[in-house]
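Asks: Got a structure for you, questions after.
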Amino acid sequence: MEPVDLAKLETAIKYVERIAEGNNPVNNLPMEEDAVLNNPNVIRCMYFVKGVLEEVRSNGGVIGGRKAREPREPFPFEILEQFRYERDQSIMYVLKQIQAPLEGRKVKKLSAKTVTNWLKAAGYLTVAYSEEVGKETTLPTAKGKELGIYTEVRSVPGNTYLAVIYNQNAQEFVVRNLEKMVNGETEDDTEA
């Protein structure tokens, strides 16, 4: 996005601040008691607008932009050699385990969604209705079950769901193919 004109932004902040203080925005003289801009709701609104404008100013005049993030280094796939199976677990925890040695480094994070979408496209997972939980959910296909992906019914207050769990073979498959998953390569390029 293009940054706004910072001089105009400063003027807008000054005018909004004057209105919020009960003054005429142009000449900074006190407004009459019955002026609509002297209404407490308008004054609160002006303080809010002032805060938003000051945030835009602190963001370098960019509206809707995010403060510049520190650059992140690409994921170092060589750390996958350190992976050791601990226990059957969901993909979220597998990825957390993989990324643990990178704690404190500015590295692009691995996404469970990236992995599960790739596994769906490759025919290991699908979305289907589950009688066990009475709703559509992610399930392993026959190919996924053969790989070592299975489900467990879990409950939290007010919700029963199927957790998709990866055994040792399935986790090692993910680790071997993770770079391909992140790079969007197809199953034809997959190491089984």
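Numbering (the working numbering), first residue to last: 97 to 288. Built from N, CA and C at the ideal position, the CB exists for glycine as well. Remember, predicted model here, so these are calculated numbers, not experimental data.
Drop a sphere of 10 angstroms on the beta-carbon of R201, count the other beta-carbons inside from all chains shown, and report buried for 16 or more, exposed for fewer.
Replies: The residue you call residue 201 lines up with position 105 of the sequence shown. With fewer than 16 Cβ atoms within 10 Å of its Cβ, R201 is classed as exposed.
Asks: Could you give the DSSP three-state label for T256: helix, strand or coil?
Replies: For the purposes of this step, residue 256 is taken as residue 160 along the sequence shown, with counting starting at 1. Strand.
Asks: Considering just the uninterrupted stretch of the alpha helix (DSSP H) at E113, what are its terminal residues?
Replies: Against the sequence shown, residue 113 aligns to sequence position 17. Unbroken alpha helix (DSSP H) run through E113: L102 to A116.
Asks: Go ahead and pull the three-state DSSP assignment for S251.
Replies: For this step, residue 251 is matched to residue 155 along the sequence shown. Strand at S251.
Asks: Leaving out five residues on either side along the sequence, give the residues of the same chain with a beta carbon under 8 Å from the beta carbon of L39.
Replies: Absent from the model: residue 39. The displayed extent of the chain is 97 to 288, so no value can be given.
Asks: Do V271 and F179 come within 8 Å of each other at the CB atom, strictly closer than that value?
Replies: Locating residue 179 in the sequence shown gives position 83, counting from the first residue. Locating residue 271 in the sequence shown gives position 175, counting from the first residue. Result yes, Cβ atoms of F179 and V271 sit closer than 8 Å.
Asks: Would you kindly work out how many angstroms separate the C-alpha atoms of V190 and F269, rounded to a whole number?
Replies: Taking the first residue of the sequence shown as position 1, residue 190 is located at position 94. Taking the first residue of the sequence shown as position 1, residue 269 is located at position 173. Taking the straight line from one Cα to the other gives about 12 Å.
Asks: Can you check DSSP and say which residues form a bridge with L221?
Replies: For the purposes of this step, residue 221 is taken as residue 125 along the sequence shown, with counting starting at 1. P236, per the DSSP bridge assignment.
Asks: By DSSP, does P126 sit in helix, in strand, or in coil?
Replies: For the purposes of this step, residue 126 is identified with residue 30 of the sequence shown, where counting begins at 1. In this structure, P126 counts as strand in the three-state DSSP scheme.
Asks: So, with DSSP's three-state summary, where would you put N119?
Replies: Here residue 119 refers to the residue found at position 23 of the sequence shown. Strand, per DSSP.
Asks: Suppose you measure from the CA of L138 to the CA of P167; what does that come to, to the nearest Å?
Replies: Within the sequence shown, the letter at position 42 stands for residue 138. Within the sequence shown, the letter at position 71 stands for residue 167. Residue identity check: residue 138 is Val in the sequence provided, not Leu. Distance between the alpha carbons of V138 and P167: 41 Å.
Asks: If you drop the 5 nearest sequence neighbours on each side, which residues of the same chain put their C-beta closer than 6 Å to that of I103?
Replies: Position 7 of the sequence shown holds residue 103. The question names Ile, but residue 103 is Ala in the sequence shown. Excluding positions up to five away in sequence, the list is empty.
Asks: Helix, strand or coil for Q177 per DSSP?
Replies: Mapped onto the sequence shown, residue 177 falls at position 81. The amino acid occupying residue 177 in the given sequence is Glu; Gln does not appear at that position. DSSP, reduced to helix, strand and coil, places E177 within a helical segment of the structure shown.
Asks: Is it buried or exposed for Y220, if we count other Cβ within 10 angstroms and need 16 for buried?
Replies: Here residue 220 refers to the residue found at position 124 of the sequence shown. Looking at its Cβ environment, which holds 16 or more other Cβ atoms inside 10 Å, Y220 is buried.
Asks: Whose C-alpha, out of K204, E182, T107 and E113, is nearest the C-alpha of G157?
Replies: As a working note, residue 157 is residue 61 in the sequence shown. Checking every option, the nearest Cα to that of G157 belongs to T107.
Asks: Does the Cβ of Q264 have 16 or more other Cβ atoms within 10 Å, making it buried, or fewer, making it exposed?
Replies: Your numbering for residue 264 matches position 168 in the sequence shown. Answer is exposed; the Cβ neighbour count stays below 16.
Asks: Would you tell me roughly how many angstroms separate the C-alpha atoms of E174 and I245, rounded to the nearest one?
Replies: Position 78 of the sequence shown, counted from the start, is the residue given in the question as residue 174. Position 149 of the sequence shown, counted from the start, is the residue given in the question as residue 245. Computed Cα separation, rounded: 25 Å.
Asks: Which two residues bound the contiguous alpha helix (DSSP H) that contains V145?
Replies: Mapped onto the sequence shown, residue 145 falls at position 49. Residues P136 to S154.
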